[in-house]
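To get our numbering, take the position in the sequence shown, counting from 1, and add 2.
Comments concern the structure below.
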Amino acid sequence: MRWLRLLGVLGSILVLYLVAPVSADPPERVVVRAVIGVAALLGLTAGLVEQLRRAVRDDERRVEGLVAAIVTVLVVFAYAFYALEVHRPEQLDGLVTRLDALYFSASTMLTVGYGDVHATGQAARALVLLQMVFDVVFVASAAGLLTARVRRGAARRTVSRDG
Numbered sequence: 003m004r005w006l007r008l009l010g011v012l013g014s015i016l017v018l019y020l021v022a023p024v025s026a027d028p029p030e031r032v033v034v035r036a037v038i039g040v041a042a043l044l045g046l047t048a049g050l051v052e053q054l055r056r057a058v059r060d061d062e063r064r065v066e067g068l069v070a071a072i073v074t075v076l077v078v079f080a081y082a083f084y085a086l087e088v089h090r091p092e093q094l095d096g097l098v099t100r101l102d103a104l105y106f107s108a109s110t111m112l113t114v115g116y117g118d119v120h121a122t123g124q125a126a127r128a129l130v131l132l133q134m135v136f137d138v139v140f141v142a143s144a145a146g147l148l149t150a151r152v153r154r155g156a157a158r159r160t161v162s163r164d165g
């Protein structure tokens, strides 16, 4: 049942990404949306860190929480890349569709970087840098929390065997 719920959450995230509108508003609205987007990203970051902390404490939710958090980050950045493409198409070379944006976000997150889609403008490069920093901080936080959890579990097992 847990895995079905996780698949439902992941499917919902992807459907929202595919249907969320991106309009070609005037530039002043784009700036307002960018500010709102950064604020939302900061809120998302705080929420993801809290999700990681809960996941580490709860063995049942650990994997599901991490997978959902990673997919959420991937989709948020894909949406930002696609919106940038809609509003300023000269910023990214090779990115045309939402699938292209998802592909580019995933290759950036996974540090693959095939080069077929790449940032050419300063705004796109800034967004790529933001994703790279976010990914490093997020992965480092997740690794640190999971490592602490594994060490606590190993220490408990050692104490119970010795005691």
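Backbone N, C-alpha and C define an ideal beta-carbon position, used for all residues, glycine too.
- Using a Cβ-Cβ distance cut-off of 8 Å, the region 144-161 and the region 92-101 are not in contact, since fewer than three pairs of beta carbons, one from each stretch, lie closer than that value.
- Under DSSP, Leu-94 forms a beta bridge with Ala-121.
- For Gln-133 against Phe-79, the beta-carbon gap comes to about 5 Å, under 8 Å, which counts as contact.
- Following the DSSP letters along the chain, one finds Val-11 inside the alpha helix (DSSP H) bounded by residues 4-21.
- Counted as a single uninterrupted DSSP element, the alpha helix (DSSP H) harbouring Leu-101 occupies residues 100-111.
- Counting C-beta atoms within 10 angstroms of its own C-beta, Gly-10 has fewer than 16 neighbours from the protein chains shown and is therefore classed as exposed.
- By the Cβ test, the region 75-89 is in contact with the region 107-115, since at least three Cβ pairs between them sit closer than 8 Å.
- In this structure Leu-101 does not touch Val-119 by the C-beta definition: roughly 11 Å separates them, more than the 8 Å allowed.
- Excluding five sequence positions before and after Ile-15, the CB atoms of its chain that fall closer than 8 Å to its own CB belong to Ala-70, Val-73, Thr-74 and Val-77, given in chain order.
- Contact check for Arg-4 against Glu-66 passes: the beta carbons are separated by less than 8 Å.
- Assigned with DSSP and collapsed to three states, Ser-25 falls in coil, not helix or strand.
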